[in-house]
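Asks:
There are 2 protein chains.
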Amino acid sequence: MYTYNYLLSFTSEVFIKMGCSRADAEKAAKVFLAAELRGLASHGMIRIKDYYQLWEAKRINTRPNIKIVHETPSTAVVDGDGAIGMIAATRSMEIAIEKAEKVGTGWVSTKGSNHYGIAGYYAMMALEHDMIGMSMTNANPLVAPTFSVSPMLGTNPIAVAIPAGRHPAFVADFATTPIARGKLAVAEKKGEKTLMGYVQDKDGTPTDDPTVLKRGGSMVTLGGDYEHGSHKGFCLSSIVDIFSAVLSGANFGPFVPPSVAYLPVLDRKVGEGTGHFFGAMRIDAFQPASEFKSKMDEWIDTFKQAKPAPNREKVIIPGEPEREKEHKIISEGITIIPAIAADLKEIANQLGIEFELK
Amino acid sequence: MYTYNYLLSFTSEVFIKMGCSRADAEKAAKVFLAAELRGLASHGMIRIKDYYQLWEAKRINTRPNIKIVHETPSTAVVDGDGAIGMIAATRSMEIAIEKAEKVGTGWVSTKGSNHYGIAGYYAMMALEHDMIGMSMTNANPLVAPTFSVSPMLGTNPIAVAIPAGRHPAFVADFATTPIARGKLAVAEKKGEKTLMGYVQDKDGTPTDDPTVLKRGGSMVTLGGDYEHGSHKGFCLSSIVDIFSAVLSGANFGPFVPPSVAYLPVLDRKVGEGTGHFFGAMRIDAFQPASEFKSKMDEWIDTFKQAKPAPNREKVIIPGEPEREKEHKIISEGITIIPAIAADLKEIANQLGIEFELK
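Those sequence lines, one after another, are chains A and B.
Mapping to the working numbering: the first sequence position 258 is 258, numbers consecutive.
Mapping to the working numbering: the second sequence position 265 is 1265, numbers consecutive.
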């Protein structure tokens, strides 16, 4: 078990050793740790090795000149200059919030970035400003459009955070596929099959084999098959890709660069790096924040009173399970599985810093 | 077969006789006819009777004072004052576009409205201004949140229209359920079962009986069941409801007023009328419109080159099938089934105007 502060400090040191400024390193570290706290370990400490290897391969810029390259009062395009995704994304969301302070809403499309961790982190940055926050990103192609077998889209997540009053905020954060990719990896590691409805093989035949992505298979979009609305999942994933990459000038669809160093840089580029899209809407650009928040409490109360289905306890308000995990993990500490702790120890040795195995 | 112009003129006359100004009547008529042209007859001429009956029941205001009740440079809340949904929505989207002209983007949340027809119509209004358009609306509760059997949400559609260059625009317009409600009505009329994965009975048992909504059943959200991501569909539907109704002060969730006069007005109100949400983003608030549009062409070309799945012809770019129908229907004419034509004839008789049965 590790404390939050121990891992935050360690992660910051790793990025400082890689050349980041202290401020940037701390920004990035917070996003990795937020994933651990929210029970999304697949986006947490395990990813530090990916960034370390990208840095070793000189595919990451740890001294980026992140800047606005085009703007209006409510919009900006940000060039991440090859930065660690968490650093480009945090800065981009700060800009969206600054614009919302001035003209009601702010919308930022970011190019030249990399894998940004959990989408929800940036959406939630808006909450303390009494704003609604939004965040989405494209990602490595694994997902086939409806009627196709070609992996052309990432799991392209969407996050929306909405402030409430008495109740905690509504926080939706979801991949536009039936399940996140991490669940396939877990099934594979356990040697188990998955349910049907997540993946297809290279010929488009549905399968329950979680390893099929390694043999030309692909994930399907939210909805599963056409008869159950997979074309709607394709629409959502496409919108994420276009807002993140076509609006900013990043690589779109199949051209998104790999987020791991063991996959080669792609031959064809159609833009710069990975793309994200961020939004912030000031609540009081629509109505007084206090009124809105008490209406949100009423909304949440209404949905909590829905009659549960058999063998189900209750309706879950988006963000509730992650928040419960956060409370638990903060008080109990963060578990790092031995294989990942060993990787972190190895990185620490390479960089000449300390990491305790415990 | 009717010509587009004949039905447009007839529909305008109906609304003028109901008390609308000519300008408002023509705005509404265009939305009804757009549904017919796009092959979405379930939102077309069949709905005129619903509006006629709501007007007879004095549940529609045909002389509304539609106004902005709160605004910032990039946002507004619009009060539809009980208007026909198409009229309140067209005006709201115009306001979003005006704001985008000035500060890059415009975002409007609308209360005091009614059923607004096809979501895509308003999103597409942005295209001629070289803007990305967005539109969403809440609707009568038919859909149960994940883990519940209580119909609390509408089929809450989302539409996003994105300009392209050589290619026609990308236009996504989809309910946040596996299928639109109209498909259940069609199956019922034919006496057929549906596929599994669309509806559940009042106890939460999945069923293929399309009539189950009449006996306390409910539709499920996009994803189908929890294991396949129905909670993501629930997130989407909730976001539509909150942006449309909590932000504007309309009725949310189970309190959305019925869009048909044969259902009684609800006892409890938590706001005013039905709610919508609209967005417009000027392309050149991000990058020169010509560059963006040629990138969108490249995006569309890329996805059209995806390898088709067995027995599938090609990947369908969102909006393509509707546009093909539009071309066909404009040249061939609009078919109105006899039962609906008879209803229109009856309305025409009541209002003292002409309607030819043909």
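Idealized CB from N, CA, C, for every residue including glycine.
All values reported here derive from a predicted model rather than from experimental measurement.
Any chance you could list the beta strand (DSSP E) runs of at least 3 consecutive residues sitting entirely within the stretch 167-238 of chain A, in chain order?
Replies: Whole beta strand (DSSP E) segments, 3+ residues: 170-174.
Asks: Can you look up B:G1333 in the DSSP assignment and give me helix, strand or coil?
Replies: DSSP places B:G1333 in coil when its eight states are reduced to three.
Asks: How far does the beta strand (DSSP E) with A:I67 in it reach, from first residue to last?
Replies: It is Lys, not Ile, that sits at residue 67 of chain A in the sequence shown. From DSSP, the beta strand (DSSP E) with A:K67 extends over 67-72.
Asks: Assess, as a yes-or-no matter, whether the stretch 191-206 of chain A is touched by the stretch 1287-1298 of chain B under the definition of 3 or more beta carbon pairs within less than 8 Å.
Replies: With the cut-off at 8 Å, the stretch 1287-1298 of chain B and the stretch 191-206 of chain A do not touch.
Asks: Between the stretch 1109-1122 of chain B and the stretch 1028-1036 of chain B, do at least 3 Cβ pairs fall closer than 8 Å?
Replies: Enough Cβ pairs lie closer than 8 Å, so yes.
Asks: Less than 8 Å separating the beta-carbons of B:G1104 and B:T1176?
Replies: No, they are not a contact pair.
Asks: Can you pull the DSSP bridge partners for B:T1105?
Replies: Bridge partners of B:T1105: B:M1281.
Asks: Should A:D267 go down as buried or exposed, given a rule of 16 or more other Cβ atoms within 10 Å for buried?
Replies: By the neighbour-count rule (16 or more Cβ atoms within 10 Å), A:D267 is not buried but exposed.
Asks: In angstroms, rounded to a whole number, what distance separates the CA positions of B:P1064 and B:G1112?
Replies: Cα to Cα, B:P1064 sits roughly 10 Å from B:G1112.
Asks: Considering only their Cβ atoms, is the gap separating B:T1110 from B:V1078 smaller than 8 Å?
Replies: Yes, these two residues count as a Cβ contact at 8 Å.
Asks: Starting from the C-beta of A:A187, find all residues in its chain whose C-beta is less than 8 Å away, skip the five residues before and the five after it, and write them out in chain order.
Replies: Within the same chain, A:A187 has close Cβ partners K193, T194, P210.
Asks: Check whether the Cβ of A:R312 lies closer than 8 Å to any Cβ atom in chain B.
Replies: It does; some Cβ of chain B falls within 8 Å.
Asks: Which one or two residues does DSSP pair with B:A1161 in a beta bridge?
Replies: Paired residues: B:G1133, B:V1171.
Asks: Return helix, strand or coil for B:L1153, following the three-state DSSP convention.
Replies: Reduced to three states, the DSSP call for B:L1153 is strand.
Asks: In chain order, which alpha helix (DSSP H) runs of at least 4 residues are fully inside the stretch 8-69 of chain A?
Replies: You should have 22-37, 48-56.
Asks: Please decide whether A:E324 counts as near chain B, where near means a Cβ-Cβ distance under 8 Å.
Replies: By this cut-off, A:E324 is not an interface position.
Asks: Taking Cβ-Cβ distances shorter than 7 Å, what residues in chain B pair up with A:T105?
Replies: Result: S1074, T1075, T1105, W1107.
Asks: Between the alpha carbons of A:K17 and A:P257, how many angstroms are there, rounded?
Replies: Each residue's alpha carbon lies about 24 Å from the other.
Asks: Are any of the Cβ atoms in chain B nearer than 8 Å to that of A:P318?
Replies: Answer yes: the Cβ-Cβ gap between A:P318 and chain B drops below 8 Å somewhere.
Asks: Of the choices A:L236, A:T207, A:G273, whose alpha-carbon is the least far from that of A:G249?
Replies: The option with the nearest alpha carbon to A:G249 is A:G273.
Asks: Ignore the nearest five residues each way along the sequence and tell me which others in B:T1003's own chain have a CB closer than 7 Å to its CB.
Replies: Hits under 7 Å: G1333.
Asks: Within 10 angstroms of its Cβ, does B:N1138 collect 16 or more other Cβ (buried), or is it exposed?
Replies: It is buried - the Cβ of B:N1138 has at least 16 other Cβ atoms within 10 Å.
Asks: B:P1151: buried (16+ other C-beta within 10 angstroms of its C-beta) or exposed?
Replies: That one is buried.
Asks: By Cβ distance, which residues of its chain are closer than 6 Å to A:L127, with the 5 residues on each side in sequence left out?
Replies: Only A161, P163, A169 meet the Cβ criterion.
Asks: Given a limit of 7 Å on CB to CB distance, which residues of the stretch 175-200 of chain A reach chain B?
Replies: Residues passing the 7 Å Cβ filter: P178, I179, L195, G197.
Asks: Considering only DSSP beta bridges, list what A:A76 is partnered with.
Replies: Answer by DSSP bridge pairing, in chain order: A:E71, A:V108.
Asks: Can you find the residues in the same chain that come closer than 8 Å, C-beta to C-beta, to B:T1207, ignoring five residues on each side of it along the sequence?
Replies: M1196, V1199, Q1200, D1201, G1217, listed in sequence order.
Asks: So A:E56 and A:A261 are supposed to be a Cβ contact under 8 Å. How far apart are they, rounded?
Replies: Correct: roughly 7 Å between the Cβ atoms.
Asks: Mind checking the stretch 288-307 of chain A against chain B and listing, in chain order, the residues whose C-beta falls within less than 7 Å of any C-beta there?
Replies: Listed by position along the chain: F292, K295, M296, E298, W299, T302, F303, A306, K307.
Asks: Less than 8 Å between CB atoms is the rule here; does A:D203 satisfy it with respect to chain B?
Replies: Cβ-Cβ to chain B under 8 Å: yes for A:D203.
Asks: Mind checking whether B:A1029 and B:L1054 have CB atoms under 8 Å apart?
Replies: No. Outside cutoff.
Asks: Pull out every residue of the stretch 1242-1259 of chain B whose Cβ sits closer than 9 Å to any Cβ of chain A, in chain order.
Replies: Answer set for the stretch 1242-1259 of chain B: I1242, F1243, A1245, V1246, L1247, S1248, G1249, F1252, G1253, P1254, F1255.
Asks: Output the distance between the C-alpha atoms of B:S1042 and B:I1084, rounded to the nearest integer angstrom.
Replies: So the two alpha carbons sit approximately 17 Å from each other.
Asks: If I'm right that B:I1048 touches B:T1011 with Cβ under 8 Å, what's the distance once you round it to whole angstroms?
Replies: Correct: roughly 6 Å between the Cβ atoms.
Asks: DSSP three-state call for A:Y6: helix, strand or coil?
Replies: It is helical.
Asks: Give a yes or no on whether the minimum CB-CB distance between A:H228 and chain B is below 8 Å.
Replies: A:H228 counts as touching chain B.
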